[in-house]
Structures are given as C-alpha cells and as structure tokens.
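These notes concern the structure reproduced below.
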Amino acid sequence: MSRFRIPPRIAPSPAAEEPGQQNAAARLRSSREAQSRLLAERRGDTAEEGEERERLDPSPTTDSAEAAGNPEKREGEADRSLSDRPKGLAAAKGKKVKLVLLYRLPLKLEPDLADIAARDGVTMEYVLGALAREGRERLRKLAGEADVRPLAEEALGFEQLTEGVKVIGNPMTVYVRPEALEAMHRAAGDPWCSLPRATVVGGYFTAIVARLIKARRAG
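Take the numbering used here: the final residue in the sequence shown is number 289, and no numbers are missing along the way.
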C-alpha cells in the first residue's frame, strides 16, 4: 500500500474561518457565479444569432461549392455581376473630349455675315457669338460616322486652309464625343489619330458654322 493517500476531502482554509475572509470568499463566489451566468447568456445569444443566420441563408457554403464545380454557373454569376455594375462606368466610356481651339472663319463669308447682321438689326459681334454657341452645340451632338461623313469634305477643306481665314476672338472650349472624334480622324486619313485633335475638330467646327451662315442667309 502506498503511503501517499488522497485525503477524502479538502479541508477549508483557516482564513475562511475568519469573518472578514468569509465575506471576501462569498463575494468571490458570487462574482464567479455572475460571470458564469453572463458567459452562458452570451453563448446562448451567439448560438441564437448563428441559428438566425442559418435560417436566413441556409447554405452559403453549398452555393460556393456548386459554383466551384460548375464553370457555367461561375460564368453566369460573372455576367450577372457585370450587368449589375453601376451604369456610371459605362457612361464614362462615352464621356466627351474637351478641346480648346480657335474660332476661324473664311474671309469670303464676311459679306454674308454683314447681311445677316443688317437684316436682324444686330452687330457682327452678336452674330458671331450666336453662331459660335450654336456651332459648339451641334459639334457636341455629333454621334459618330453617320453624322461626320456629310461634313467631311468641307471640314477637310477648311482644315487645310491657312490663308484667307479670320481668327475671331479668343481660343474657346468645345466638346466632342470620342466616337465622332475617331470618325473625324479616319475621314482625314489618320486612323492612328496622330494629327492634332484641335486642328481636325477645328475644320469641322468651321464647316458647321459655314453651313449655319448659309442657312441664315438663305432664310
């Protein structure tokens, strides 16, 4: 028989016999019981939250496993995610290009401008300002090849014209769609868009204003 025996019970600490220490031990036990209850309540809340999440989304991992084993499903989800993207991303692709160019007009159009100003009872500066605003608006609305093609011949003539042209006012800001700008470069025989954009667009702006003058003069 071993001489080391386990005592049948652990004897109370002598300090527990003192009244002050008994109170401290009781407070310790009560605090431990309160902590145990709080921990049990928290565990119960966590379990309830987990059950609620499982009820709302029963098998999140099953969908991922199915998607991993089903390439067609992955592709469908990718297409759907692309279609659900904000439309602002698609709109940014068609954002207009901002350019600064000179307001140039052939001198041969000055007599027509003078007739328009005299007939309407306004100054030449007023007519030129109105034509610039309307020309910029029409330039902004050019949407692509179909709109650019009818102006191409006139625009290329004005683009290459260096003499007999009058520069009016200060450089001005215009906006043009990227599709229309590419069509302008292609019409100029510049598919790589290596020519200065302001020069190419300036020819089309002059062509637009020239047509506006002819329309006003005829009217």
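Think of the CB as a built atom: it goes at the ideal place given N, C-alpha and C, for glycine as much as any other residue.
What does the alpha-carbon distance come out to for the pair residue i and residue j?
i	j	result
A188	A225	28 Å
P248	V167	6 Å
V197	I186	8 Å
K284	T193	18 Å
D182	G289	12 Å
E204	P261	28 Å
L265	E215	18 Å
I278	K236	16 Å
N240	G191	25 Å
E223	A253	13 Å
L169	E195	23 Å
G227	C263	18 Å
How would you label residue i, buried or exposed, when you count the other beta carbons within 10 angstroms and need 16 or more for buried?
i	result
E180	exposed
A280	buried
T276	buried
Y206	Looking at the sequence itself, residue 206 is Arg, so the reference to Tyr does not match. Buried, because 16 or more other Cβ atoms sit within 10 Å of the Cβ of R206.
L177	exposed
F103	Reading the sequence as shown, one finds Glu at residue 103 and not Phe. It counts as exposed.
E229	buried
A250	buried
Alpha carbons only, please: which of the options is nearest the one belonging to residue i?
i	options	result
R287	K165, E204 and A184	A184
A268	K178, A200, P261 and Y245	Y245
I238	A200, K165, E223 and G214	A200
R165	R107, K211, P261 and E215	One detail in the question is off: residue 165 reads as Lys in this sequence, not Arg. Ranking R107, K211, P261 and E215 by Cα distance to K165 puts K211 first.
R282	Q105, L169, L209 and A110	It should be noted that the sequence gives Leu, not Arg, for residue 282. Closest option to L282, Cα to Cα, is L209.
Report, in whole angstroms, the separation of the C-beta atoms of residue i and residue j, which I expect to be a contact under 8 Å.
i	j	result
A202	M242	7 Å
Between residue i and the ligand SAH, is the CB less than 7 Å from at least one heavy atom?
i	result
L172	In the structure shown, the ligand SAH is absent, as is every other ligand, since no ligand is present at all.
Segment contact flag, the stretch 169-178 with the stretch 268-275, C-beta cutoff 8 Å, min 3 pairs: yes
Touch test, the stretch 211-222 against the stretch 253-262, Cβ-Cβ under 8 Å, three pairs minimum: yes
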